[in-house]
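Structure first, then comments.
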Amino acid sequence: MKFCSECGHRVEKRVAADDPIPRFRCTHCHYVHYQNPKILVSCYATWEDKVLWIRRGTEPFKGKWAAPSGFMEENETLVEAAARELYEETRARVDMDKMSLHMVGNLTQMNQVYIVFHAPLLSPEFATTPEAEEARLLTLDEFPFDDFAFPEVVENVSLFYRDIQNQHFNVYLGTLKNGVNQVIQNDDSHLHRL
Ligand SMILES: [Zn+2]
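In UniProt numbering, the protein residues as written are 1 to 194.
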């Protein structure tokens, strides 16, 4: 950010006496431009023991495999956002009433919060789109671990396939910070480290 959206004058990033976090502050009207994490949503769409993955059609990581995902829009719920992104990227549909929470994650370096749902596909029908140059339902054995767009969090993929195999779906808290991914499982009553 270079200019103030309130008055058009230059901003500078600095701390203030009452706020130790460096923020963009207007040099003219003194407006403080707070910047907070964005919310990224995904839906793991399942069919039997398979999960729908895409080969990304856009940068970053074009050509690498990932889950259909994108940023939440204003005036949208988390579940609506996850279903919308799934449809936009793959034309696949899920029953929003059957969507379950899989993971809430901190992507600290990217300044994002990641929320992953899972839901069974209404039918095994999907398509390629400008955002997905390929879309495929893959079993664990077929998953391209060496070609995944986000190797830092690839263990999250294994966790989900494990839940499919066990037919017991847990909820996880993930934290990717300083290149290290940690996942904590939510039990009935509390969080515990895996
Ligand atoms: Zn200003």
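Beta carbons: idealized from backbone N, C-alpha and C, even for Gly.
*For Tyr-31, verify whether its CB is less than 6 angstroms away from any heavy atom of ligand 1.*
yes
_If the criterion is Cβ atoms closer than 7 angstroms, does the pair Asn-111 and Glu-152 meet it?_
no
*Return the chain-ordered list of same chain residues with a C-beta closer than 6 angstroms to the C-beta of Asn-186, the five sequence neighbours on each side being excluded.*
Val-171
*Of the choices Ile-21, Phe-117, Pro-120, Phe-71, whose alpha-carbon is the least far from that of residue 249?*
What is shown of the chain runs 1 to 194, which leaves residue 249 out entirely.
*Which residue's Cα is closest to the Cα of His-118: Pro-144, Val-104, Glu-155, Glu-6?*
Val-104
*asked:* Here's a check: name, in chain order, each residue in its chain whose Cβ is nearer than 7 angstroms to the Cβ of Val-94, leaving out the five neighbours to either side.
replied: Cys-43, Ala-45, Ala-83, Leu-86, Ala-119, Pro-120, Leu-121, Leu-122
_Bridge partners - Ala-17, DSSP secondary structure assignment_ = According to DSSP, which records beta bridges pairwise, Ala-17 is partnered with nothing at all.
*Which listed residue (Ala-17, Phe-24, Ile-164, Leu-138) has its alpha carbon closest to that of Val-11*: Phe-24
*Would you call the CB atoms of Trp-65 and Pro-144 closer than 7 angstroms?*
yes
*Identify whether Pro-120 lies in helix, strand or coil by the three-state DSSP scheme.*
strand
*For Met-72, does the count of other Cβ atoms within 10 angstroms reach 16, so buried, or fall short, so exposed?*
buried
*Tell me, to the nearest whole angstrom, how far the beta carbon of Glu-99 is from that of Val-79; I am working on the premise that it is less than 8 angstroms.*
Checking the sequence shown, residue 99 turns out to be Met, not Glu. Between Val-79 and Met-99 the Cβ distance is about 5 angstroms, and since that is below 8 angstroms, they are a contact.
*Local Cβ density within 10 Å of Lys-50, reported as buried at 16 or more and exposed below that*: buried
*Flag Asp-12 as yes when its Cβ comes closer than 6 angstroms to any non-hydrogen atom of ligand 1, and as no otherwise.*
For the sequence presented, residue 12 should be read as Glu rather than Asp. No, since every heavy atom of ligand 1 falls outside the 6 angstroms radius drawn around the Cβ of Glu-12.
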